[in-house]
Amino acid sequence: MAADGQIFQTESKARWTTFKWLSRLLIFLAIAIIPLGIFSISRVDNLLLPGLAPADTNRTIHPVIPKSLSKREQKKYKGMQAFINARAQNNAFIALEKKRPANANIRAAFFVDWDPQSLSSLKSNIDKLNMVLPEWFLIDPQADTLQLNIDNEALQVMRKAKVSIIPMLSNVQGGEFDGNLLHRVLSNPQKRNRLLQDVLRAIEKYNLNGVNLDFEELKEATLPYMRQFQEALYQNLHSRGLLVTQDILPNDDNYNIAEVARLNDYIFLMAYDQYYNTSIPGPISEQRWIEKVLDDAAKGIPSEKIILCMATYGYDWPENRAAQTVTYAQAISLAKEYNAEILFDNNTYNCHFTYTDYNKVKHQVWFNDAASNFNTMRFADDYGVSGVAIWRLGAEDQRLWTFYKRNLTTDAMRAQARLFQRLENIPVSFEKPDYVGEGEVLDVISEPQNGRMKITADTISDFLIQEEKYIELPTKYVIRRFGQVVPGKQVLLTFDDGPDPEYTPQILKILKREQVPAAFFVVGINIQNHLPAFEQVYKEGFEIGNHTFTHPNIASVSNRRAQTEIDATRLLIEAVTGRSTIMFRPPFNADAEPTLQVELQPVALSKQLKYYAVGESIDPEDWDVDSSHVNADSIYNRIVRQYEAMPYKDRGIILLHDAGGNRQGTVDALPRIIKYFKDRNIQFITVAQLLHLTRDQVMPPVKNQILRADSFATKLIFWVSQFLATAFWLAIFLGLGRVTLMGILAILNYKRRKKEQLPSAASFKEKVSIIVPAYNEEINCVRTVESLLKQDYPHLEIIFVDDGSKDNTFKNISEAFAGHPKVRVLTKPNGGKASALNFGIAQSDADYLVCIDADTQLKKDAVSQLMRYFIDESVGAVAGNVQVGNINNVLTRWQSIEYITAQNFDRRAFDYINGITVVPGAIGAFRKKTIVDAGGFTTDSLAEDCDLTIRILRKGYIIRNCNDAVAITEAPETIRQFLKQRFRWSYGVMQSFWKNRDACFKARYKGLGMVSLPNILLFQIILPIIAPIADLLFFFSIYYNRPTEQHTSWADLNRILLYYGIFLIVDVLVAVFAFSIEKKKNYWQLLWLIPQRFAYRQIMYIVLFRSLRRAIKGEGQGWGNLKRTGNVVLKEQ
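Take the sequence shown: its position 298, counting from 1, is numbered 298 in full-length UniProt numbering, and each next residue is one higher.
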């Protein structure tokens, strides 16, 4: 039966033109939102902060202008410079350089565990060192034994860097050297030996490389015993290949220099403290003094054993008082704070300045900086010592590390003269910031910035730094605090991370009932996802602050990312409310007194973006929902305890959370919190009241025409995202429901089939015609007919219809079966598969027909099994069991699984409700009368088998499924051929559904109308259209809801994974059941089910969208043919 045209086909182009313009419009609107957002974000900088007069910053950023030097001071220095120039002319020195030992150029540093900066410097600069001397071995003054003070974190850093670890053994106690303690231990043979053994055991246990003796304040009586100790130590360590080293003070008469040299591998000459804390002010280590003490030491110690120690610190001498030790950073901070001019004394190579403190006390500060250390290292390397060491890590000028690892001999310096340029930048210092004022709202007055200086150096002969001029000192954070509550009279409630559709409305209800104000610091993504909850916050009059878009740690992301996070959230706030905000709270770092860089950086950024950072002082940590200790009681008790612990009750901002996890504890605690403060007559205030501003000043109205577009875009995105989220969950639940339903129906059908009594095939004597339509099937056609002739059903004929093939199909089949009594070979002009089937049916005089594809081979009992079902006169057709016969790659394996777990399994399920919608073209049996009653195969659909099957059901016939009638078909082996086949199937099914849409949801058609056709509509058309978006949303949801420091709750992710996991488990169980009833024993193939679900389905999306495009375009589609390989293997069981 022919038709005038195919379903969807049209000569008019109106449908396609309309679709194209609508698509272009939607794409344009989607793209237009991007520049609209960029433009909207770019204009947020126009907001002005109210309420603060410009801060006086002269004290913190005033430039340093050193006074002019005298003519005498400007003359070239003749100390180290003269020494270097003289040595360079000395032939003996040149020879010494050539013989310098291979282990020279030691770069060592002393490490202490009582200053965190020492560990920080160690981690940052360990690659510049080859030896570290940690202050780890002490003497216990109570037990007179070794006291270990190992820093395990530092130890791991050193081990990873593979540096020599030489711990100091010192007689320091309470910050002072104790000569009495040392004498008591060393003078006692038992204690001395025990100390020795303890040292040896500790070195072995921690895999150290030796020991460094740092004994000071020695008594003369101790020296003989110390010599005995050193003799034993030296012998024991040298036998193990380990080092013995010792620190000595310059010109210390306690030591016999020659004896010290004999008992040590290296001597650390501590060339510093020329002027010290109890002396008059002066340089730490003047250059001529260093030259002198080194010469004195070298008279008794070979220079290759000497390691010259340099100071990286300084002293601050108040007038008429002992000095305090200062690090380089502390010295710079003092100069910055008091606008002092730092002078580089080119006579001593030390830096110094003076200042008067706030108590009118005059101070003199002397310290060593990188220039001081550089010149000393130049002198040491040319002198020929083994290396240098610094006391200590954490106190140094960071510029030191630009050259510390280098060889600074005269010859080496000729190739690195540009090194001096790198010393003109002073790295920023991140020490504790300065605070001005009191309160919990923060404003940055100044931020850290690098300093600058001018270096003058001789880059031709001596390569020494001759002059150093500090032009701009590095600055640190200066924070102004304001917004202080009235002590004991006011508090302020704030809620972070919202809005949340469940908890925010509950909190708003409590606040409204108690008539208590609050500020909500909102997250942009939550505004977008929960727009109604956010609108409720604003409409009920609460203050709104910015808490970034995705809640990142501002200090751990780039400035551009951080600014975009904040600006995007402000844009959303403005678009929804018509107001902006000057209130910001950084995620994770909301402390009202920040001290760390990670806490200070967000505050500085908020000032740049025209916000005030609103801190907090009362934090019950209600965000920690994974802790068993966080509940309503603990939240309430923590707030009360923290507030009552404040001596002056001068802090009052309370931090709570209304989103980000399970916040029921916060909701339950809130009424009790409010009651506690109300009972004590403590007033709840707003941020505006805290700052003495109006609501319009903290949330200024925004009047801009673009705001309407922003508002529209925000709401559009919200509703689209809601639709997508709904579609995602709908796809999950409908998919789960379908798989479950199919499983139940298949089980019921399986049970019915086991009870069903069918006649034997031998009892059925009716003639059967097997119709084989073919188009360009020269590869498979002969083998197909040969397999049909092997059928055990005796009364059959084969009608082979060549539908105008362009290859040798007709020739091959005619030659192979010429004159065969059971085979008739016919040919006709090409008209499509439906016309070929109708032609063959018309040539048959049999009452029963079996229709198969020309690429299909039947097992020998297939026809017999099919015919058994026609004993029931109401049965109009029987579907066979199609299986893939060329499983030779991933694609065909996936198709094989699909045939078993989807197509065949669905037919089993639909068999139970008489709802089979496709008697497959590969194998299906019909009463001829049924086909005639239904109108025959039609040409208006590419899925002629589906269309005919539905029409047969609509005529009231029963269609059964026969699992035992097995047909082996050839599946496409390439993606191209697969897409071609599946396009024909998909497009044909859409045509068949559309043609029979009037039966959908019609109860009179029973299983067909209420289950099968709705199944096609939902699961073969609608859901696959939105499935790609749902997949993307699924992966985005997993990423967005993953537990991180920003999102600590597992609840949302668990829910998503639970439902999707249930869906996959049920899907797998159904697949296992499908394999079992197919009597498949190779269950291992089900392993391919997992990648199939995540890849095969995506290929089908392409097929569906091509089908939709063709349907909308209204073009006709031919039958076409697939390229055959002939790889089908028929295995009889």
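We treat Cβ as the ideally placed atom computed from N, Cα and C, and that holds for glycine.
Taking the Cβ atom as the reference point for each residue, do residue i and residue j lie within a distance shorter than 8 Å?
i    : j    : result
D369 : H363 : no
I307 : S386 : yes
V603 : P586 : yes
T410 : D382 : yes
G924 : D853 : no
L408 : R378 : yes
W391 : A271 : no
I7   : Q981 : no
G832 : T939 : yes
A774 : D803 : yes
E440 : S170 : no
V293 : P250 : yes
R579 : P700 : yes
D911 : N838 : no
I166 : L133 : yes
Looking at the strands, I want to know which residues DSSP matches up with residue i.
i    : result
D316 : Q324 and V365
F215 : DSSP, once it has assigned bridges, lists no residue as partnering F215.
Y266 : T245
G210 : L243
V772 : F800
P701 : R579
R519 : Sequence inspection shows Ala at residue 519; the Arg mentioned does not correspond to that position. Note: A519 sits in a beta bridge opposite T494 and E543.
Could you tell me the boundaries of the beta strand (DSSP E) in which residue i lies?
i     : result
D964  : I958 to T969
A879  : V875 to V884
M990  : Looking at the DSSP string, M990 is not in any beta strand (DSSP E); the run it does join, the alpha helix (DSSP H), is I975 to K995.
R452  : G451 to A457
W391  : G387 to W391
T564  : Unbroken run through T564 is the alpha helix (DSSP H), N559 to T577; no beta strand (DSSP E).
L1008 : Segment: none, L1008 is in no beta strand (DSSP E) and carries neither H nor E.
On the CB-based measure, 16 or more other CB atoms within 10 Å of its CB, does residue i come out buried or exposed?
i     : result
N277  : exposed
F1001 : exposed
A53   : Its pLDDT being 33, under 50, A53 is placed unreliably in this model, and the coordinates cannot settle the point.
T18   : exposed
Q235  : exposed
T325  : exposed
D998  : exposed
K160  : exposed
G79   : Low confidence applies here, because G79 scores a pLDDT of 49, under 50, leaving its location unreliable; read the following figure in that light. So G79 ends up on the buried side.
D696  : exposed
Helix, strand or coil for residue i? Go by DSSP, reduced to three states.
i     : result
D247  : strand
V444  : strand
W136  : coil
P281  : coil
Q490  : strand
K469  : strand
H692  : coil
F1105 : helix
K828  : strand
V614  : strand
H238  : helix
Q683  : strand
N254  : coil
K78   : For K78, the predicted structure reports a pLDDT of 42, less than 50, and the residue's modelled location is therefore unreliable. A value from the coordinates is still provided. Coil at K78, not helix or strand.
C1000 : coil
A109  : strand
V823  : strand
For residue i, report the span of its alpha helix (DSSP H) as first-last.
i    : result
R399 : Premise fails: R399 is in no alpha helix (DSSP H) and is neither H nor E.
K512 : Y503 to E514
G179 : G179 to L186
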